[in-house]
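A.B. asks: One structure, as C-alpha cells, below. Some questions next.
In full-length UniProt numbering, the protein residues as written are 1 to 229.
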C-alpha cells in the first residue's frame, strides 16, 4: 500500500471542525450569525459544517434507495443510489443525490450534498396578509427531464395537495398550504423531486411589487472582515 497510514473518519470528527475556507472561519468565529447573510451576497458554501452551525434544527429524510448497475469488463457492477431531502421547516430546504458501493455511505454523502445545496424559500399568503406566511408568494413551476411540477398558492387550512414525495419536500421547506400539478413521467421519483426543488428555488427569482422599494447595498462579510479571516 502506498503512502502512510490512513486517518480514520472518527479521529477527524473528535478533533472538531477546522474550517479551510474564509467563510467557514467567519462562521466559526461568530462574525456571521445567520445563513441569510450568506444568501444576500451569494457566497458559495463549500463546507457542510457551515450549514450545521447556522441551521442546527435540520431534519433529513431518505426519499429513495435503489440499486444501479454499470457494465464493466469483469461483469456488472452494482452500487446503491440514495436521494435525500433536508430542511428545517422554516424556509430552508436542500436535495442531495449520491451513489456509492454501500447504502450507508451513499446516504451519508447525500446528506452532505443536500446541506451544500440548501436554498431559501420565499413564502407568502393566499388572499389577506394575516398571521405568518403559510403558502407561496406566487405560482411557480420547475422542470427536470419530462417531469413538470407546478406549485399554486392555496387558502389557509388547505394543506399540501401533492404526492407523498413532493409533500415531504414541501413540509421540510416549511410550506403549509399549496396545490400542486405535475405532468410527465412522475413515476421517476428522482426527477419529480428535482423538478419540485427547482420550482421552490424559483420563488426568489422575481420581485413582487411590495419589494420594489430601493434597498441599500451592504458590503460582503468577506470584505468587511478581510483582515481577520
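Cβ coordinates follow ideal geometry from the N, Cα and C atoms, glycine included.
For clarity, every value in this text was computed on a predicted model and none was experimentally measured.
1) If I measure Cβ to Cβ from residue 230 and keep anything under 6 Å in the same chain, skipping five residues before and after, which residues do I get?
2) At 3 residues or longer, what runs of the beta strand (DSSP E) sit wholly inside the region 146-183?
3) Is the separation between the beta-carbon of residue 200 and that of residue 121 shorter than 7 Å?
4) Going straight from the alpha carbon of residue 227 to that of residue 30, what length do you get?
5) Just the Cα atoms here: how many angstroms apart are residue 49 and residue 119?
6) Assess contact between the region 101-116 and the region 168-187, defined as three or more Cβ pairs (one per stretch) separated by less than 8 Å. Is contact present?
7) Taking residue 205 as part of the alpha helix (DSSP H), name the residues at either end of that continuous run.
8) Given residue 53, which residues of its chain have a CB within under 6 Å of its CB, disregarding the five upstream and five downstream residues?
9) Using the Cα positions of residue 44 and residue 36, report the straight-line distance between them to the nearest angstrom.
10) In chain order, which beta strand (DSSP E) runs of at least 3 residues are fully inside the region 23-73?
11) What would DSSP say about residue 199, mapped onto helix, strand or coil?
12) In chain order, what residues of the same chain have a beta carbon less than 8 Å from the beta carbon of residue 275, not counting five sequence neighbours either side?
13) Would you mind working out which of 135, 145 and 17 sits nearest residue 161, comparing C-alpha positions?
14) Determine the DSSP secondary structure at residue 211, reduced to helix, strand or coil.
15) Can you name the start and end residues of the beta strand (DSSP E) that residue 216 belongs to?
C.D. replies: Based on what the coordinates show:
1) Past the boundaries of the shown model lies residue 230; the chain is included only from 1 to 229, so the question cannot be answered.
2) If only complete runs of 3 or more residues are kept, the region 146-183 shows the beta strand (DSSP E) at 147-153 and 178-183, in order along the chain.
3) Yes, they are a contact pair.
4) Cα-Cα distance, rounded: 15 Å.
5) Straight-line Cα distance between these residues: approximately 15 Å.
6) Result no; under three Cβ-Cβ pairs closer than 8 Å.
7) Counting along the chain, residue 205 falls outside any alpha helix (DSSP H), and DSSP gives it neither H nor E.
8) The residues are 27.
9) If I take the Cα positions, the gap works out to 13 Å.
10) Runs found: 59-72.
11) Under the three-state reduction of DSSP, residue 199 is assigned to helix.
12) Here the chain covers residues 1 to 229 and nothing more, so residue 275 does not appear.
13) Considering only alpha carbons, the answer is 135.
14) Of the three classes helix, strand and coil, the one that applies to residue 211 here is helix, per DSSP.
15) It is not in any beta strand (DSSP E) - residue 216 carries neither H nor E in the DSSP assignment.
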